[in-house]
Each structure stands twice: as C-alpha cells, then as structure tokens.
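Contents: one structure, followed by commentary.
Chains as they are written, first to last, in this note's numbering: chain A, 1 to 233; chain B, 234 to 466.
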C-alpha cells in the first residue's frame, strides 16, 4: 500500500498530466473504472495500475488526478499509433481542443473503419481530457498521424463555403475516403482545401451559426460518408 | 470603477454560478467578448455588464468567473424560454451534461427552425458551461421546456436498438417533426420510446461503441431530418 506522496508511481502519474512528459516517456494515463475497463477489453496491459484502497491511499490518488474527479483507479499505458488506412477515415487539421479530438476518436470508432488521423496543430489525443472524451475508444482505435499531402485516398474537405452540399446526391468518388476537417472557425487552410478531391458543405440554415463545432461537423460528415459507402458512394 | 469584492454586482455574478440562484432570480451570466457580443447581436439587453479595467478591477472580475478563464467582460441576462414549435425541433430527456445541452442548442440553431426542448433530468441550459457550449446560440435561439406527452408533431425517437436505420430511406412521416434523444447510456426510457411515432437508429459499425455521445447523436439526427424535410421527408 502506497502511503507516501513521494512514491515514484504517483509522481509519474502526476507528471503525465504534462504534454512534454507524455512525449518524452511515450506514456499516458486513463482515470476511472470505465476507461481502465476499456483498456482491458481492448487487450492493453497497464504499465502501472493503482486502485484506491488496494494499492494506494485514496487521498494520494485523488491528489494526482488530472480530472479532479476523485478516480478510484488510474492506469498508465504506453501510447500506440495506428496506420492511416481504411475505407473511411477522418483527418483533423488544427483542432486544438482535446475534448473535440477525443470526441471524434469515439465517433470514428462508431462510424468508420479507419482511424482519426491527426495533422498539425491538433491537441494531444493522449491528454487526460482527450482520453476521457474518447470514452475508451482511444484503446480500441488508436489515432494516426500524417501530413495532409501524405493522406491515402480521396480527400473530401468539409468547407462551409463549398457549393456541393453533403447529402444532396452522389459524390462521384470511390473509397478509400478521407474526410478532412479543420479548426472550428478558420476551417481547413485554403491551400489545403484547394488540394482536396472534393469540397462539401454541411447544409446549414440561413441566419444561424456559420459552422458547427468541429467534432459535430466531423461526426455528421462521417455519418453521411459511411452511409454512402454502404450505398456505393 | 468597482474596487471591492463586496460589490453587489460582483456578488450577484458569483451567486449565479449556482443553479438555485439562477432559478430564484431568473437570471444567468455570459462570460467573454464572444458570448456578450452574441447577446448584443440577438438584441438582448444586459441587466449588468462589467468590463475589466473599465468598470471593475480585472482581478475582482477574475475571482467571480465561473469558467476560470479570466474573462475581460461578464454580462448578466434575464432567462428567456421559447415556445416548443417548429417544423423540426429536438427534445432532450435526461441529458444531464451541460456541455451536451449547450452543444445541441448550437447544432439546432444551425440545422433546424425549432428550439431545443428540455424534458426532465436535463442540465440547466443557463448554466455557465451550457451557455459557453452554445457559443452564443442560446441568445439567438432560447430553449423550450415540455413533457414528452405534450410535444407537438411526429415524435421520432433515436433508439440504438431500432430496426429502421436513419438514412436508409423515406421515413413516411410529415413535419412538424420532433427528434427525441435520451441520455448517453440509457437512451429514452422504454415507455416513452414506445409512445414515439417512429424509432430510428443511427447505423453504427459492429464492434464499436453502442451509441454516440448524446450531443453527437442529436446533431446527426437533426442533420438527417433537416435534409429529409427539404427533400419532403
């Protein structure tokens, strides 16, 4: 039973709240029974696994919690990255909010066979907030990394200004498809959008917001493209 | 210039972090230039409007911030509720996360003409987290309140176990439509789902999560139904 805050495992867990420490060690944490259970279900072995009351005094575990939720269990895992391939994947560019990155990891796990591919400027998918927002899908479906130019397949840019509306008819492209989504306000940089095979807009009402939240937009796009792939795009 | 933390306006702003105080006063706060700007754009007059450096010492405003973001401006507004009507609305039941409630308010503003209708067990849409997640749409499109039984129009329940898949063909119902969405894990209570005019599932891959996050599911449902209304359901 760990009874000292100076314990090396506790210090590691606390340290992994910082992006730099995650990058240096290649490790990350998952807090709570649901996430640790998702790791186990996906066959991941924890490097460290501390249960309050069993392995460590509860208040010491609370003190190293990144989410302030008083987790009963915290696991430390080695980061894994997937290959950027699949019939349908989603590429994120400059999506800096970890909650959005995690939410898209979950949506992609539910809706498509390929991973979330992270381009420049995206939040760390292994940050505590992103791991929590993924609701465990980060274990079943680890993310990939790639530049826009290296993406394999037809690139479909979500672009609020595009003339072609999502859902309005056949898109005339064949799988593999990569849905490309930019940051909340700016969208994809114009030079990338211009290189996409197709640009499509989610039809929005006049007078409303110019765009959906990035995670919402990615989820709607994946839903529509997944339906089209099963209906032969 | 307010220089005392005992100032009545500052105390009001701090008090409005609590749900009980919002219910008793009928007021709520919006923090930050974007939200205050959205209120102004929608023609809402603030009951109190404090700008750091102009009206109040910046560190005093920071101390009453609900979001801990060091807002430069905080406004206090009177809550408004809309009528539950429109060609397409969304009803939430037991959606307890304020971020999800706010996100759906934004998506509904972008995708449909009706409001978000809040049933029992939903988070307060006027909480600071919900207001922020709405990205200002709460001002342009205030929520409504209703019981399930009082909803006007064809009720379409999102139900992960439904045989009819969203996007697979005509739904055979006429507007007005109300998309009905339950809590993340439990979904709509079975007795309500049974009373819906139609139950549909978002098609998800086998082996993935059983459901999407409630806000994601509501957004996908609104997107699909909005497209169908414009294509005559």
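Yeah, the Cβ is synthetic: ideal placement off N, Cα and C, and Gly gets one too. What you are looking at is a predicted structure, and each value in this text was computed from that prediction instead of being measured.
As for any alpha helix (DSSP H) of minimum length 4 sitting wholly inside the stretch 370 to 427 of chain B, the runs are 370 to 373 and 423 to 426, ordered along the chain. Counting other Cβ atoms within 10 Å of its Cβ, residue 224(A) reaches 16 or more and is therefore classed as buried. Going by DSSP, residue 230(A) is part of the alpha helix (DSSP H) stretching over 214 to 230. Judged by DSSP in its simplified three-state form, residue 258(B) adopts helix. The beta carbon of residue 248(B) sits closer than 7 angstroms to the beta carbons of 254 from its chain, once the five residues preceding and following it are set aside; these are given in chain order. Residue 413(B) holds the alpha-carbon nearest to the alpha-carbon of residue 425(B) among 434(B), 386(B), 433(B) and 413(B). Any Cβ of chain A closer than 8 angstroms to the Cβ of residue 437(B) would place that residue at the interface, and such an atom is present. In terms of Cβ geometry, residue 154(A) and residue 188(A) do not form a close pair [threshold 8 angstroms].
Taking a Cβ-Cβ threshold of 7 angstroms, the residues of chain A close to residue 441(B) are 109 and 110, in chain order. Residues of the stretch 79 to 104 of chain A with a C-beta less than 7 angstroms from any C-beta of chain B: 103, listed in chain order.
Under a criterion of Cβ atoms nearer than 8 angstroms, the residues of chain A adjacent to residue 453(B) are, in order, 219, 220 and 223. Residue pairing from DSSP leaves residue 280(B) without any beta-bridge partner. The beta carbon of residue 213(A) sits closer than 8 angstroms to some beta carbon of chain B. Counting C-beta atoms within 10 angstroms of its own C-beta, residue 125(A) has 16 or more neighbours from the protein chains shown and is therefore classed as buried. Taken through DSSP and simplified to helix, strand or coil, residue 334(B) comes out as helix.
Looking at the DSSP output, residue 311(B) sits in a beta bridge with 260(B). Note: residue 325(B) is bridge-paired with 351(B) and 414(B) in the DSSP secondary-structure output. The beta-bridge partner set that DSSP reports for residue 2(A) consists of 56(A).
Annotation for residue 156(A): 171, 173, 177, 178, 179, 180, 196, 197, 198, 199, 200, 221 and 225 place their beta carbon closer than 8 angstroms to its own, counting only its chain and skipping 5 residues before and after.
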